[in-house]
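Chains as they are written, first to last, in our numbering: chain A, 1 to 242; chain B, 1 to 242. All residues carry an ideal CB built from backbone N, CA and C; glycine is no exception. The model shown is predicted, which means the values in this text are computed figures rather than measured ones.
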DNA sequence: AATTTGATGACAGTTTTGTGACACATCAGG
DNA sequence: CCTGATGTGTCACAAAACTGTCATCAAATT
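In structure tokens form, the structure reads like this:
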């Protein structure tokens, strides 16, 4: 998933500088030198964040920010203002217009990307960290812990330690229990849909997961659906022969 | 740990009075006499709480409060409004704007600090100065002391000395025990979201913290969650061997 | 029996953490 | 203005843990 940042800056030199730094830190910059151009670009692609120079030809950055905020489609896009230090003294604040942060020129590349990431981080909602319990297993994303109950009495439990991938795998399966997922679906959902990994790798992780669950006799919860994929099921998985 | 309170008040006399009282009760006041000044200050340092006079030159306190609430970065900062008794009828709109509490002038110093502490306690446990005890460790933010108990009997204890950063780190982790935090989250919450530091620096501070805790056999309380971050946990992390 | 599909152990390359060292502050108090 | 004590952030390298792939074996299906 590439994060696009719309850079609105009239000075080509600074535009290049910013563009270069964004690319270096894995972001995708798209550049505009004025508000009109930026407006057109926003119509094409909705960026994840806008880096906006305070001083622009024709329409001020402030005005452009207001315009973004006024429009429903662009309302939630985070804005970071670029201002010269002298302009900072200006009584009117960019924050007033709804900017999420501002950076004073000159700034270090590190500061730039750090602020961008900070703002994006605040926007992105936390991954669901609800506790999920099923089949005598309890997974808690917030504490990153898995407990296995010996019996239904819930009195005795053992903590289970999993590697990152197995943890995510179990979490996903438990969050969608009783449902079968193909290897490809699991790769898409857990590894991300851009990775290029063998389907069979999923087998190996399922194996690793089961191996750990064996220790607490819970490996039967992760079931193979031949010809399709895998499933987490707490329902009595007694498959009748014949 | 120093708790900073941004005081927005135009009358110098009252500003001084408040400032004096806050200092006396261990808080760190930063003062602004109008909304513009306050905005600039907030961009530099994120305060833990805002004490806001209702009546301000240019922009009203109410408007300023709204501005804070509108911005993601400042959204969660608790606001306490200062209002004259006559203005009390406006209390409704003050709370509407997102104030967490309000105090009517004239107020006693005791009332002031009591309300501040109450609001802080409600909001974020880690910046209150209550004693936290867990896993045989007792941390007292007020006296800036850490005691380690040798066993459950609580009879013998050793005092532990930590540097400022390690102290805050331990305090934060203990205030949110059992919960995992990524390095970035820790940087945001402990160092502040306006610092630009390498993620890995957290490792080093964790290391320093552990080194000190080793001396009293408490280093196992600070745990690594591979692929995620760190966690303070007093629960016996029983790893079933084989 | 042949074929397809899943299980499993091994392994080599990567990624993530742990750790010591170091260069810079900052700050008393000479 | 120095000077040592302390604290901080970075770095480089070591250690540990994890990952993806394969080859091979086992089981189910035809």
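Item	Value
Residue 204 (chain B) to residue 210 (chain B) span [Cα, whole Å]	10 Å
7 Å CB neighbourhood of residue 234 (chain B) in its chain, flanking five on each side removed	134, 135, 177, 221
Every unbroken beta strand (DSSP E) within the region 123-187 of chain B, with a cutoff of 3 residues, ordered by chain	132-134, 137-140, 145-149, 157-160
Three-way DSSP call (helix, strand, coil) for residue 78 (chain B) in this model	coil
Where residue 23 (chain B) sits in the DSSP three-state scheme	helix
Boundaries of the alpha helix (DSSP H) in which residue 227 (chain B) is found, first to last residue	Residue 227 (chain B) -> no alpha helix (DSSP H), and no H or E assigned at all.
Residue 229 (chain A) versus residue 218 (chain A): straight-line alpha-carbon distance, rounded	19 Å
Cβ contact (3+ pairs, closer than 8 Å) linking the region 136-145 of chain B and the region 105-113 of chain A	no
Beta carbon proximity, residue 172 (chain B) to chain A, threshold 8 Å	no
Test item: CB-CB of residue 5 (chain A) and residue 22 (chain A) under 8 Å	yes
Same chain only: Cβ atoms within 6 Å of residue 202 (chain B), ignoring 5 sequence neighbours per side	183, 186
Buried versus exposed call for residue 168 (chain B) [16 or more other C-beta atoms within 10 Å across all chains shown]	buried
DSSP-derived helix/strand/coil call for residue 56 (chain A)	coil
Cβ of residue 230 (chain A) within 8 Å of any chain B Cβ	no
For residue 146 (chain A) and residue 62 (chain B), the rounded distance between their alpha carbons	47 Å
Beta-carbon proximity of residue 173 (chain A) to residue 212 (chain A), cut-off 8 Å	no
Interface flag, residue 9 (chain B) vs chain A, CB-CB below 8 Å	no
Under 8 Å (Cβ pairs) to chain A, residues found in the region 155-184 of chain B	178, 179, 180, 184
Residue-level contact to chain A via CB, residue 50 (chain B), 8 Å cutoff	no
Residue 212 (chain B) - containing alpha helix (DSSP H), residue span	200-214
Proximity test, Cβ basis, 8 Å: residue 143 (chain A) and chain B	yes
Beta-carbon separation (whole angstroms), residue 77 (chain B) vs residue 47 (chain B), contact threshold 8 Å	6 Å
Contact set between residue 102 (chain A) and chain B, taken where Cβ atoms lie within less than 8 Å	43
Strand pairing of residue 32 (chain A), partner residues [DSSP]	A:8
CB contact check: residue 32 (chain A) to chain B, cutoff 8 Å	no
Per DSSP, cross-strand counterpart(s) of residue 101 (chain A)	A:80
Partners in chain A for residue 227 (chain B), counting only beta-carbon separations shorter than 7 Å	164
Close Cβ partners of residue 248 (chain A) (< 6 Å) along its chain, the five nearest in sequence each way excluded	Residue 248 (chain A) is absent from the model: chain A starts at 1 and stops at 242.
Length of the line joining the Cα atoms of residue 197 (chain B) and residue 131 (chain B)	29 Å
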